[in-house]
Amino acid sequence: MGRQPCCDKLGVKKGPWTAEEDKKLISFILTNGHCCWRAVPKLAGLLRCGKSCRLRWTNYLRPDLKRGLLTEAEEQLVIDLHARLGNRWSKIAAKLPGRTDNEIKNHWNTHIKKKLLKMGIDPVTHEPIDRQPSLQKSSQSTAATESKSDDLQLQSQGCEGQNHSSENSSPPEESSNTSSNDPVVGSLWEEDIPLIDESWMFPCNEDDYSSVVGPLPWEGSSEWLLDYQDFGIGDMGLGSSAIEN
DNA sequence: AAATGAAACAACCGCCATGCG
DNA sequence: TCGCATGGCGGTTGTTTCATT
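The opening residue of the first sequence carries number 645 in our numbering; numbering runs sequentially from there.
So this is what it looks like as structure tokens:
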């Protein structure tokens with residue numbers, strides 16, 4: 645047990661990030677990049693653990709993120725990818741530029757799962773529900789059209805009750821999914837080419853950064869940005885000064 | 001208008017894989 | 001080869017927002 649925790653719990657702030665913290669983190673990373681997440685909070689003057697900083701950056705502050713709901717096409721791609729990859733959200737996210745694993749995971753759990761259930765498709769196996777033995781015995785309405793009550797049944801039977809504990813995070817091997825028919829998705833399988841935007845490789849230098857993503861890449865993404873515009877990255881001087889500390 | 005419940009989203013936790021000394 | 005530090009991932013929980021009664 646001599647292992648050092650990722651962050652000492654004392655003096656480490658938790659909970660929602662404030663606009664001020666966001667600004668500090670953004671400014672620091674744009675100025676210095678992140679060589680080592682563990683060091684970032686200290687250098688940036690944040691009372692957070694490195695893990696929290698990394699998460700905040702990758703899931704919310706990263707300038708190349710798309711905000712807003714997934715489009716129909718994206719949603720379909722997620723479904724196809726999930727059929728193939730299972731709950732490997734990071735792999736799935738890698739195929740959707742500008743989307744994070746957390747975002748996709750949330751969207752899956754809140755939207756897509758229900759949508760599939762309504763369609764009579766098991767979100768875990770991607771098989772039609774009425775073709776699943778464990779469900780057939782329960783002779784309840786298989787109805788793709790019926791939803792509400794089915795949702796509840798399936799969440800206990802389809803998701804947990806299907807001996808998927810081990811497969812849960814692994815792909816249902818070569819299942820008869822729809823992806824192979826999809827030219828776009830199909831191409832993804834053949835090569836593991838990440839569909840990553842060029843902008844993902846954004847420069848750490850603020851000037852270069854601006855030239856790539858524009859002066860206010862996060863404009864409108866959240867309230868703090870309004871303040872942020874007034875603030876101005878360059879005026880903050882947090883980066884270099886923080887390092888000197 | 002207030003209370004309650006549901007949905008959506010953000011963040012945390014614990015585990016695992018990898019790199020390095 | 002081993003042990004530790006770190007980053008990353010997936011699951012889960014907490015908080016906020018929205019809808020309904």
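Beta carbons are placed, not taken as given, at the ideal position from N, Cα and C, and that holds for glycine.
Distance, Cα to Cα, residue i vs residue j?
i: Val684; j: Gly730; result: 33 angstroms
i: Trp891; j: Leu699; result: In this structure the chain extends from 645 to 889, so residue 891 is not present and cannot be described.
i: Lys668; j: Leu691; result: 11 angstroms
i: Cys680; j: Thr744; result: 20 angstroms
i: Asn750; j: Ile756; result: 9 angstroms
i: Ile765; j: Lys759; result: 9 angstroms
i: Leu761; j: Glu664; result: 42 angstroms
i: Ser813; j: Ile773; result: Interpretation of Ser813 is limited by its pLDDT of 39, a score under 50 that renders its predicted location unreliable; the figure taken from the coordinates is listed afterwards. Taking the straight line joining both Cα atoms gives about 20 angstroms.
i: His726; j: Leu713; result: 18 angstroms
i: Lys735; j: Asn753; result: 17 angstroms
i: Thr702; j: Ala737; result: 12 angstroms
i: Asn807; j: Val768; result: At Asn807, the pLDDT of 38 sits below 50, so the modelled position is not reliable; the number obtained from the coordinates is stated separately. Near 11 angstroms, if we compare the C-alpha coordinates of Val768 and Asn807.
i: His770; j: Ala717; result: 18 angstroms
i: Gly659; j: Arg682; result: 18 angstroms
i: Arg728; j: Ser696; result: 30 angstroms
Using CA atoms only, rank isn't needed, just tell me which of the options is closest to residue i.
i: Gly694; options: Val656, Asn753 and Glu771; result: Val656
i: Thr662; options: Cys679, Tyr704 and Ile673; result: Tyr704
i: Pro741; options: Lys757, Val722, Ile670 and Trp681; result: Val722
i: Lys739; options: Asn753, Glu719, Lys758 and Ile756; result: Glu719
i: Ser671; options: Arg682, Arg728, Gly689 and Met763; result: Gly689
Going by other Cβ atoms of all chains shown within 10 Å of its Cβ, with 16 needed for buried, is residue i buried or exposed?
i: Lys781; result: Low confidence applies here, because Lys781 scores a pLDDT of 42, under 50, leaving its location unreliable and the question unanswered by this model.
i: Gly677; result: exposed
i: Glu747; result: buried
i: Thr715; result: exposed
Report all residues from its chain with a CB closer than 6 angstroms to the CB of residue i; omit the five preceding and five following residues, and keep chain order.
i: Asp794; result: Reliability of the predicted coordinates at Asp794 is poor, the pLDDT of 38 falling under 50, and the value obtained from them is presented with this limitation in mind. Excluding sequence neighbours, Asp794 sits near nothing in its chain.
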